[in-house]
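J.: Before I ask anything, here is the structure I am working with.
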Amino acid sequence: MAETTNVTEAPAPPAAKTAPAKPAAPAKATAKGGKDRRGFLYVMFCTWFGIAWTAFTATMIGMTLGTIRFLYPNVLSEPPSKFKVGPPDQYEPEKVVERFKPQGAWIVRHKDDDLGGDIIYALSTTCTHLGCTPNWWDKEQKFKCPCHGSGFKITGVNFEGPAPRPLERWAIGIADDGQIIVDKSKKFQKELGQWSDPESFIKA
Amino acid sequence: MSVGDFIRNSQVWKSIFRHPAPRDRRNRVVVMLTNVFLHLHPVSVRKSGIALSYTWCMGGLTFFLFLVETVTGVLLMFYYRPTLEHAYNDILALRDVATLGILRELHRWGAHAMVITIWLHMYRVFLTGSYKPPREFNWGVGVILLVLTLLLSFTGYLLPWDQLAIWAITVGSNMGRATPFLGYEGPGAKLLRVGDVDLIHSGSDARFILLGGRFVSGDTLLRFYVLHCVAIPLAAALLIAVHFWRVRKDGGISGAL
Chain A
1 MAETTNVTEA PAPPAAKTAP AKPAAPAKAT AKGGKDRRGF LYVMFCTWFG
51 IAWTAFTATM IGMTLGTIRF LYPNVLSEPP SKFKVGPPDQ YEPEKVVERF
101 KPQGAWIVRH KDDDLGGDII YALSTTCTHL GCTPNWWDKE QKFKCPCHGS
151 GFKITGVNFE GPAPRPLERW AIGIADDGQI IVDKSKKFQK ELGQWSDPES
201 FIKA
Chain B
1001 MSVGDFIRNS QVWKSIFRHP APRDRRNRVV VMLTNVFLHL HPVSVRKSGI
1051 ALSYTWCMGG LTFFLFLVET VTGVLLMFYY RPTLEHAYND ILALRDVATL
1101 GILRELHRWG AHAMVITIWL HMYRVFLTGS YKPPREFNWG VGVILLVLTL
1151 LLSFTGYLLP WDQLAIWAIT VGSNMGRATP FLGYEGPGAK LLRVGDVDLI
1201 HSGSDARFIL LGGRFVSGDT LLRFYVLHCV AIPLAAALLI AVHFWRVRKD
1251 GGISGAL
């Protein structure tokens, strides 16, 4: 399976403070060493002592923030989120296609009771309990997660085990060449009412 | 002149050992204080400090196991490569091909034992009331050391890159993404947004920076390797120094409360 490098921009925390201003002409005699705000600001910006420590503190804060930003990767070697899965007429009714399971999707064609006809949708292979990959048991017609026993029907709806919600659907559509294209950068969750969104299924 | 005397009077010997071997109390103190390794220890220890039924010696055992883990860990680093290509097979090679490859198991058993001894140490400190003032801060330092030890176990678990490792870290980090504010699926994450854009999403939360990506990958393996071998041990060593110093300054092990 070919892996491409995606440049993903991660948001940057605020940049470091810039160095303080050079010493200006001293203020009135009362300001120097006064125990008020003016006196403090004078010491901080108009004496070498204050400038040195302010610059040092600013540098240290900048270095800490910079280190944290450094640890956020800018480039991820993840496979591309969109991939084609063949033309729609290739998909037989009431069948779960496992060919794209390594890429994280089951392609299912199933009769939807609400819409009245067959639809094709792409189910995410991530169990909604703690993230393991379930297996499709064709004989029992259910997805079963090996980690803690969560069970999902062919529609992706959870019905047994600790899974709290149905499997998620990936965005699915028809590409220009007539093939079905699955987009893993968009997901649709049934419990949020998102399965009625036309981007989450194709009419067969 | 015997051989021993000849050696002890040579310039080489005298430049290394400046004082004769301890023979009286004053000389013993001088030897301890002028040796960089020995001066880390107290000059004398209370008798109750070595009473096993009183202290259980779990703290000492934990430190001993930390040293064992460091030594075995460094040795394992000569044969282990933290890449997708090599990690799993290098561990197998340690088992089947390397001489005394049992070092890998020693490292693993040492890790399990260290977690057990650190909990027993914590329990003993609680039972003897050694967390009460003025020792509250040291208790806090000890709790942080406990967390660091568990993190060492967590990061080390991924390194064999087998099924157990990958799924354990996947499940563990998936729990992390539900943390308030720090995880993108946790409460509070949706509060931090600028207009339509989520500031905390799957590509910017704490889980992302820990895994080096959106899911456990080769980048994760490298990050966990660095954390496990360098970053966390350094932090632990620093805190261990503080922890021991505090015990000494508070009157030594099994000092009066």
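Taken in sequence, the protein lines are chains A and B. According to my numbering, the first sequence is numbered sequentially starting from 1. According to my numbering, the second sequence is numbered sequentially starting from 1001. Built from N, CA and C at the ideal position, the CB exists for glycine as well.
1) Between the Cα of N74 (chain A) and the Cα atoms of B:A1235, B:W1245 and B:S1204, which residue gives the shortest distance?
2) Grouping DSSP H, G and I as helix and E and B as strand, with all else coil, what is W106 (chain A)?
3) Sort out for me which residues DSSP pairs W170 (chain A) with in a bridge.
4) Expressed to the nearest angstrom, what Euclidean distance is found between the alpha-carbon atoms of Y121 (chain A) and T128 (chain A)?
5) Return helix, strand or coil for E1105 (chain B), following the three-state DSSP convention.
6) Quick one: Cα of I1116 (chain B) to Cα of G1142 (chain B), how far?
7) Along the alpha helix (DSSP H) that carries E1069 (chain B), what are the first and last residues, could you check?
8) Do you know offhand how far R1008 (chain B)'s Cα is from R1018 (chain B)'s?
9) Check the Cβ-Cβ distances between R1214 (chain B) and every residue of chain A, and say whether any is below 9 Å.
10) Can you pull the chain B neighbours of P162 (chain A), defined as C-beta to C-beta under 8 Å?
11) Does the beta-carbon distance from P166 (chain A) to V157 (chain A) come in below 9 Å?
12) DSSP beta-bridge partners for I1144 (chain B)?
13) Do P88 (chain A) and I174 (chain A) have their beta-carbon atoms positioned less than 9 Å apart in this structure?
14) Counting only C-beta atoms, is W1161 (chain B) closer than 9 Å to chain A at any point?
15) Have a look at A:W195, A:I107, A:P102 and A:Q103 and flag the residue whose alpha-carbon is nearest the alpha-carbon of K95 (chain A).
16) Let me confirm a value: L1152 (chain B) is counted as buried when at least 16 other C-beta atoms fall within 10 Å, else exposed. Which label applies?
17) Since D1219 (chain B) meets chain A, which of its residues come closer than 8 Å, beta carbon to beta carbon?
18) Can you pull the chain A residues whose beta carbon is under 9 Å from the beta carbon of T1149 (chain B), in chain order?
19) Measure the CB-CB distance between G1049 (chain B) and E78 (chain A) and report whether it falls below 9 Å.
20) Between the beta-carbon of I1253 (chain B) and the beta-carbon of T1062 (chain B), is there less than 9 Å?
21) Kindly say whether T1083 (chain B), judged by its beta-carbon, lies nearer than 9 Å to any beta-carbon of chain A.
22) Between the region 1090–1103 of chain B and the region 1063–1081 of chain B, are three or more C-beta pairs nearer than 8 Å?
23) Taking 6 Å as the limit between beta carbons, can you name the residues of its chain near V97 (chain A), skipping five residues before and five after?
24) Report the neighbours of G131 (chain A) on chain B: residues whose CB is nearer than 7 Å to its CB, in chain order.
25) How close, in whole Å, do the beta carbons of E160 (chain A) and Q189 (chain A) come, if the pair is a contact with beta carbons under 8 Å?
26) Please compile the residues from chain A whose C-beta is within a distance smaller than 7 Å of the C-beta of I1209 (chain B).
27) Any idea which residues DSSP pairs R1026 (chain B) with across the strands?
T.: In brief:
1) Translated into the one-based positions of the first sequence, residue 74 (chain A) becomes position 74. When only C-alpha atoms are compared, the closest one is B:S1204.
2) Here the question's residue 106 (chain A) lines up with position 106 in the first sequence. Strand.
3) On the first sequence, residue 170 (chain A) is found 170 positions in, with the first residue counted as 1. Paired residues: A:A122 and A:K187.
4) By 1-based counting over the first sequence, the position of residue 121 (chain A) is 121. By 1-based counting over the first sequence, the position of residue 128 (chain A) is 128. Approximately 17 Å between the Cα atoms of the pair.
5) Residue numbering aside, residue 1105 (chain B) sits at position 105 when the second sequence is read from its first letter. Helix, per DSSP.
6) For the purposes of this step, residue 1116 (chain B) is taken as residue 116 along the second sequence, with counting starting at 1. For the purposes of this step, residue 1142 (chain B) is taken as residue 142 along the second sequence, with counting starting at 1. Answer to the nearest angstrom: the Cα atoms are 15 Å apart.
7) Mapped onto the second sequence, residue 1069 (chain B) falls at position 69. Taken as a continuous stretch (DSSP letters only), the alpha helix (DSSP H) holding E1069 (chain B) covers M1058 to L1076.
8) In the second sequence, the residue the question calls residue 1008 (chain B) occupies position 8. In the second sequence, the residue the question calls residue 1018 (chain B) occupies position 18. Each residue's Cα considered, the two are about 10 Å apart.
9) Taking the first residue of the second sequence as 1, we reach residue 1214 (chain B) at position 214. By this cut-off, R1214 (chain B) is an interface position.
10) Here residue 162 (chain A) refers to the residue found at position 162 when the first sequence is read from its first residue. Going along chain B, no residue has its Cβ under 8 Å from P162 (chain A), so there is no contact; the nearest lies around 12 Å.
11) Numbered from 1 along the first sequence, position 166 holds the residue referred to as residue 166 (chain A). Numbered from 1 along the first sequence, position 157 holds the residue referred to as residue 157 (chain A). In contact: P166 (chain A) and V157 (chain A) (Cβ atoms closer than 9 Å).
12) Against the second sequence, residue 1144 (chain B) aligns to sequence position 144. Paired residues: none, contrary to the question.
13) For the purposes of this step, residue 174 (chain A) is identified with residue 174 of the first sequence, where counting begins at 1. For the purposes of this step, residue 88 (chain A) is identified with residue 88 of the first sequence, where counting begins at 1. Yes.
14) On the second sequence, residue 1161 (chain B) is found 161 positions in, with the first residue counted as 1. It does not; no Cβ of chain A falls within 9 Å.
15) Here residue 95 (chain A) refers to the residue found at position 95 of the first sequence. It is A:I107.
16) Mapped onto the second sequence, residue 1152 (chain B) falls at position 152. Under this definition L1152 (chain B) is a buried residue.
17) Within the second sequence, residue 1219 (chain B) is the residue found at index 219, counting from 1. Within chain A, the residues near D1219 (chain B) are P73, L76 and S77.
18) To locate residue 1149 (chain B), count along the second sequence from 1; it is residue 149. Going along chain A, no residue has its Cβ under 9 Å from T1149 (chain B), so there is no contact; the nearest lies around 22 Å.
19) For the purposes of this step, residue 1049 (chain B) is identified with residue 49 of the second sequence, where counting begins at 1. For the purposes of this step, residue 78 (chain A) is identified with residue 78 of the first sequence, where counting begins at 1. Going by C-beta atoms, G1049 (chain B) is not nearer than 9 Å to E78 (chain A).
20) Taking the first residue of the second sequence as 1, we reach residue 1253 (chain B) at position 253. Taking the first residue of the second sequence as 1, we reach residue 1062 (chain B) at position 62. No.
21) Position 83 of the second sequence holds residue 1083 (chain B). Cβ-Cβ to chain A under 9 Å: no for T1083 (chain B).
22) yes
23) Against the first sequence, residue 97 (chain A) aligns to sequence position 97. Once the five neighbours on either side are set aside, the close Cβ partners of V97 (chain A) are I107.
24) Counted from its first residue, the first sequence places residue 131 (chain A) at position 131. Those within 7 Å of G131 (chain A) in chain B are T1170, V1171 and N1174.
25) As a first step, residue 160 (chain A) is located in the first sequence; it is residue number 160 there, counting from the start. As a first step, residue 189 (chain A) is located in the first sequence; it is residue number 189 there, counting from the start. Between Q189 (chain A) and E160 (chain A) the Cβ distance is about 19 Å, and since that is not below 8 Å, they are no contact.
26) Numbered from 1 along the second sequence, position 209 holds the residue referred to as residue 1209 (chain B). Those within 7 Å of I1209 (chain B) in chain A are L71 and Y72.
27) As a first step, residue 1026 (chain B) must be located in the second sequence, where it is residue number 26. Answer is none; R1026 (chain B) lacks a bridge partner.
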